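Those protein sequences? They're chains U and Z, same order as listed. Be aware that the first sequence starts at 305, since it is given in our numbering, and climbs by one per residue. Be aware that the second sequence starts at 305, since it is given in our numbering, and climbs by one per residue. Note that CB positions come from ideal geometry on N, CA and C, so glycine has one too. Predicted model, so just to flag it, every value in this text is computed and none were measured.
Number of protein chains: 2
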Amino acid sequence: MEDIPPRTRIQTENRRRILDAALDAFSAQGFRGATLDQIARAAGLSKPNLLYYFPSKEAMHIALIEALMDTWLDPLRKLDPEGDPVDEIVGYVLRKLDLARDFPRESRLFANEIVQGAPNILPHITGPLKTLVDDKATLIAGWSRSGRLTPVDPHHLIFSIWATTQHYADFDAQVRGILAPANDAHFGDARVFLEQLYRRALTPG
Amino acid sequence: MEDIPPRTRIQTENRRRILDAALDAFSAQGFRGATLDQIARAAGLSKPNLLYYFPSKEAMHIALIEALMDTWLDPLRKLDPEGDPVDEIVGYVLRKLDLARDFPRESRLFANEIVQGAPNILPHITGPLKTLVDDKATLIAGWSRSGRLTPVDPHHLIFSIWATTQHYADFDAQVRGILAPANDAHFGDARVFLEQLYRRALTPG
DNA sequence: CAAGAGTTTGACCAAATGGTCAGGATCACG
DNA sequence: CGTGATCCTGACCATTTGGTCAAACTCTTG
Chain U
305 MEDIPPRTRI QTENRRRILD AALDAFSAQG FRGATLDQIA RAAGLSKPNL LYYFPSKEAM
365 HIALIEALMD TWLDPLRKLD PEGDPVDEIV GYVLRKLDLA RDFPRESRLF ANEIVQGAPN
425 ILPHITGPLK TLVDDKATLI AGWSRSGRLT PVDPHHLIFS IWATTQHYAD FDAQVRGILA
485 PANDAHFGDA RVFLEQLYRR ALTPG
Chain Z
305 MEDIPPRTRI QTENRRRILD AALDAFSAQG FRGATLDQIA RAAGLSKPNL LYYFPSKEAM
365 HIALIEALMD TWLDPLRKLD PEGDPVDEIV GYVLRKLDLA RDFPRESRLF ANEIVQGAPN
425 ILPHITGPLK TLVDDKATLI AGWSRSGRLT PVDPHHLIFS IWATTQHYAD FDAQVRGILA
485 PANDAHFGDA RVFLEQLYRR ALTPG
């Protein structure tokens with residue numbers, strides 16, 4: 305639960321490098337697929353040195369996931385009850401898509417964890433995450449009731465937004481294999497498509 | 305490439321049991337997370353016996369993925385140029401959702417593979433899969449041009465359908481954690497939501 | 001039922017892997 | 001500059017894991 309904050313500069317810097325290397329490894333090969341040797345090499349440290357900063361491989365994994373959860377849900381928290389419903393949701397979609405483009409490793413780390421049954425974060429999902437989602441679902445339901453948003457199941461709307469946006473990070477290999485783009489240009493097309501999809505589906509009338 | 309077909313009844317039965325156990329293991333824990341001992345125990349066979357039927361762990365993985373690819377893309381192949389465009393696409397969505405409900409292990413196996421960079425199936429993705437998708441994208445683009453479908457980027461439409469439907473298999477742990485359903489009832493709600501989402505977004509006018 | 005093909009297994013192995021530890025190097029600071 | 005705290009490492013260890021193999025068992029069929 306409580307993190308003892310790093311004290312020295314060396315600690316700050318080395319913990320950062322370790323977590324960065326570990327994020328590379330875990331997101332690309334899953335928890336079991338990543339090895340300490342590999343992480344150590346990428347971080348430029350020796351294996352025992354890794355274990356000087358983190359008591360175990362699992363501790364690195366947990367540290368990464370906890371750090372992730374914080375920022376990951378930020379776009380959802382920003383859903384503003386005062387704004388225009390359709391604009392708010394479209395804005396959420398686009399912010400989430402930005403996250404997928406800018407933090408694909410974090411997205412894949414999360415995906416790996418959930419696909420394998422969420423062994424380390426089920427409590428978080430059924431706790432704070434569920435609370436937040438239920439809260440925003442109520443907001444969306446209110447918008448629907450007021451007629452400013454097409455009536456939809458709010459939970460499944462949120463699921464669909466997660467799915468469509470994270471898809472570009474998690475299934476990047478497939479997307480690139482099919483589109484064969486030289487760069488990240490396809491994110492622009494995805495932006496246009498998703499905005500249109502949700503705007504048309506959610507605008508009443 | 306070429307499979308030597310099993311000859312005896314024992315071979316047929318044991319290969320089936322091994323692949324079933326391997327699918328359980330690989331889909332739940334990824335390729336590296338699954339162990340031969342675990343698969344052997346689940347299949348009710350000894351570890352050396354496993355390796356009598358398959359030359360290596362990887363051979364099991366490849367056999368599973370190849371078997372999967374075949375049926376996985378069937379719904380997309382069924383997109384009928386003669387049908388009503390919106391109905392065809394909605395039908396595709398619902399068929400894909402049925403697959404996610406009925407074959408979640410296969411979906412997760414595929415997800416694990418892609419998230420980790422599709423090391424074993426990139427050729428298939430850039431080959432036959434891309435060909436099929438490009439073909440159907442052309443069909444959808446034609447529907448759009450004829451005015452019977454809202455103009456959309458066909459590739460991203462297909463991606464969004466994959467994402468929203470497979471989400472219910474791949475992120476099952478998260479969906480259940482948030483909805484806390486006692487059974488598979490949420491698939492009914494997903495059905496209603498997705499049909500509405502795509503029908504509203506794609507119907508012209 | 002004899003015999004060869006097909007099937008199964010216990011014992012074993014090499015490599016990989018997460019982790020430990022005693023001691024040495026380096027740094028911060030009085 | 002001395003000294004205690006912090007940082008780092010080579011050597012080592014136990015376990016796990018994918019895979020091998022010779023021998024034994026069982027099934028089929030002439």
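Can the beta-carbon of U/PHE463 be found closer than 9 Å to that of Z/TYR472? yes
Report yes or no: do three or more beta-carbon pairs, one from the stretch 465 to 482 of chain Z and one from the stretch 406 to 422 of chain Z, lie closer than 8 Å? yes
With 16 other Cβ atoms within 10 Å as the buried cut-off, status of U/LYS382: exposed
Helix, strand or coil: how does DSSP classify U/VAL496 here? helix
Can you find a CB in chain U that lies within less than 9 Å of the CB of Z/VAL496? yes
Anticipated Cβ contact below 8 Å, U/LEU453 with U/VAL394, distance rounded: At roughly 11 Å, the Cβ-Cβ gap does not stay under 8 Å, so U/LEU453 and U/VAL394 are not in contact.
Could you list the residues in the stretch 320 to 347 of chain Z with a C-beta less than 7 Å from some C-beta on chain U, going in chain order? ALA332, GLN333, GLY334, ARG336, GLY337
Whole-angstrom C-beta distance between U/ALA325 and U/ILE343, which should lie under 8 Å: 5 Å
Measure the alpha-carbon distance for Z/LEU436 versus Z/ALA415 and round it to whole angstroms. 19 Å
Excluding the 5 residues preceding and the 5 following Z/THR503 in the sequence, name in chain order all residues of the same chain whose CB lies nearer than 8 Å to its CB. Checking the displayed sequence, the identity of residue 503 of chain Z turns out to be Arg instead of Thr. Cβ within range, chain order: VAL390, VAL394.
For U/ARG412, tell me which candidate among U/ILE465, U/GLY334, U/GLY492, U/ILE322 has the shortest Cα-Cα distance. U/GLY334
Answer with yes or no whether the minimum CB distance from Z/ASP438 to chain U is below 9 Å. yes
Interface residues of the stretch 356 to 371 of chain U facing chain Z [CB-CB below 8 Å]: none
Where does Z/GLN420 sit, in a helix, a strand or coil, going by DSSP? coil
Below 8 Å CB to CB, which residues in the same chain sit around U/THR469 once its five sequence neighbours on both sides are set aside? VAL397, LYS400, LEU401, LEU403, ALA404, LEU498
Given U/LYS361, which residues of its chain have a CB within under 7 Å of its CB, disregarding the five upstream and five downstream residues? LEU340
Specify the secondary structure class of U/PRO508 as computed by DSSP and reduced to three states. coil
Which residue wins for smallest C-alpha separation from Z/TRP447, given the options Z/ILE425, Z/GLN478, Z/PRO508? Z/PRO508
If you reduce the DSSP assignment to three classes, tell me which class U/THR454 lands in. coil
For Z/GLU362, which of helix, strand or coil comes out of DSSP? helix
Could you tell me the alpha carbon to alpha carbon distance between U/LEU323 and Z/VAL419, rounded to whole angstroms? 20 Å
Validate contact between the stretch 362 to 382 of chain Z and the stretch 366 to 376 of chain U using beta carbons, cut 8 Å, 3 pairs: no
Less than 9 Å between the C-beta atoms of Z/LEU461 and U/LEU501, yes or no? yes
Status (buried if at least 16 other CB within 10 Å, exposed otherwise) for U/SER350: exposed
Would you list, in sequence order, the uninterrupted alpha helix (DSSP H) runs of no fewer than 4 residues that lie entirely inside the stretch 369 to 445 of chain U? 378 to 381, 389 to 406, 408 to 419
In three-state DSSP terms, what is Z/THR316? helix
Please go through the same chain and pick out, in chain order, the residues whose beta-carbon is closer than 6 Å to the beta-carbon of Z/PRO312, but skip the five residues on each side of it. Checking the sequence shown, residue 312 of chain Z turns out to be Thr, not Pro. Once the five neighbours on either side are set aside, Z/THR312 has no close Cβ partner at all.
With 16 other Cβ atoms within 10 Å as the buried cut-off, status of Z/ILE308: Reliability of the predicted coordinates at Z/ILE308 is poor, the pLDDT of 49 falling under 50, and the value obtained from them is presented with this limitation in mind. That one is exposed.
Please report the distance separating the alpha-carbon of Z/ALA332 from that of U/PHE330. 16 Å
Kindly give me the distance between the Cβ atoms of Z/ILE429 and U/ILE482, rounded to whole angstroms, as I take these residues to be in contact under 8 Å. 7 Å
Contacts that Z/LEU398 makes with chain U (C-beta to C-beta distance below 8 Å): Simply none; closest approach about 14 Å.
Could you check whether U/GLY348 and U/ARG319 sit closer than 9 Å to each other, using their CB atoms as the reference points? no
Is DSSP giving U/ASP348 helix, strand or coil here? Looking at the sequence provided, one finds Gly at residue 348 of chain U rather than Asp. Three-state result, U/GLY348: coil.
Check the Cβ-Cβ distances between Z/TRP466 and every residue of chain U, and say whether any is below 9 Å. yes
Indicate the three-state DSSP secondary structure (helix, strand or coil) for U/ASN487 in the structure shown. coil
Residues of chain Z with CB under 8 Å from U/GLY481, in chain order? ALA422, LEU426, ILE429, THR430, LEU433, LYS434
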